[in-house]
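> Numbering (my numbering), first residue to last: 1 to 197.
We put the beta carbon where it would ideally sit given N, CA and C, even for glycine.
1) Residues in its own chain within less than 6 Å of residue 99 by CB, not counting five upstream and five downstream?
2) Tell me the DSSP bridge mates of residue 85?
3) Tell me the residue span of the beta strand (DSSP E) that contains residue 40.
4) Excluding five sequence neighbours on each side, which residues of the same chain lie with their C-beta closer than 8 Å to the C-beta of residue 36?
5) Using the DSSP secondary-structure output, state which residues sit across from residue 27 in a beta bridge.
6) What residue range is occupied by the uninterrupted beta strand (DSSP E) comprising residue 19?
7) By Cβ distance, which residues of its chain are closer than 8 Å to residue 3, with the 5 residues on each side in sequence left out?
8) Does the Cβ-Cβ distance between residue 82 and residue 103 come in under 8 Å?
9) Check each candidate in 48, 121, 112 and 5 and name the one with the smallest Cα separation from residue 158.
10) What's the gap between the Cα of residue 72 and the Cα of residue 5?
11) With three or more beta-carbon pairs closer than 8 Å as the criterion, would you say the segment 147-157 touches the segment 115-131?
12) According to DSSP, what are the bridge partners of residue 166?
13) Grouping DSSP H, G and I as helix and E and B as strand, with all else coil, what is residue 8?
14) At what residues does the beta strand (DSSP E) containing residue 199 begin and finish?
15) Please report how far the alpha carbon of residue 185 lies from the alpha carbon of residue 91, in whole angstroms.
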């Protein structure tokens, strides 16, 4: 049964080990809330504020977090399976052992986030903002990075082969040690203004 909650304040509360299914939270605040080991499936969190919340070992499956805020959140062993995080801001959040299985993270703000060695295969990051993020050794094969901002991103050791990179400006991207395919190499050259004929 679908349960809807709107405009509630859950700041500083402890929801450890809560199990949510088909819940909808709209414009709710979870600032500094403990959400450790939460298991959520088919839930919607729209315009919610999770700033400085703790998500240790939390599990989210087929959930949506459209235009929500995760500033300073602690994501330790957090798992997102086929979730939608459109326009979500993760500025200053801490990522350790995060698992992402597919899903749509288009327009997400991941500026300066240290993702490290993470499997991001087949995840949609259309127009996502990774400015200054650390994606070293990340697996981005088959990811959709259309028009994503990769300026100043640390990519050494990352695998971009078969990822969609149309519209990405590579002029401020250090590709040393990054695995790309021939089609992507053409996009890199074009971003520098070269005419490939």
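Let me lay it out:
1) The residue you call residue 99 lines up with position 99 of the chain shown. The residues are 79.
2) Position 85 of the chain shown, counting from 1, holds the residue named residue 85. Per DSSP, none; premise fails for residue 85.
3) By 1-based counting over the chain shown, the position of residue 40 is 40. That run of the beta strand (DSSP E) goes 39-41.
4) Translated into the one-based positions of the chain shown, residue 36 becomes position 36. Contacts found: 16, 17, 54, 55, 56, 57 and 58.
5) For the purposes of this step, residue 27 is taken as residue 27 along the chain shown, with counting starting at 1. Answer is none; residue 27 lacks a bridge partner.
6) The residue given as residue 19 occupies position 19 in the chain shown. Counting along the chain, the beta strand (DSSP E) containing residue 19 begins and ends at 19-21.
7) Numbered from its first residue, the chain shown carries residue 3 at position 3. 22, 23 and 24.
8) Within the chain shown, numbered from 1, the residue matching residue 82 stands at position 82. Within the chain shown, numbered from 1, the residue matching residue 103 stands at position 103. Closer than 8 Å, so yes.
9) As a working mapping, residue 158 is identified with position 158 in the chain shown. Residue 121 is the option with its Cα nearest to residue 158.
10) Within the chain shown, residue 72 is the residue found at index 72, counting from 1. Within the chain shown, residue 5 is the residue found at index 5, counting from 1. Roughly 24 Å between the two C-alpha positions.
11) Segments in contact, yes.
12) As a working note, residue 166 is residue 166 in the chain shown. DSSP lists no partner for residue 166.
13) Residue mapping note: residue 8 aligns to position 8 of the chain shown, counting from 1. Reduced to three states, the DSSP call for residue 8 is coil.
14) Within the shown structure, residues of the chain are numbered from 1 to 197, placing residue 199 beyond reach of any answer.
15) Against the chain shown, residue 185 aligns to sequence position 185. Against the chain shown, residue 91 aligns to sequence position 91. Computed Cα separation, rounded: 30 Å.
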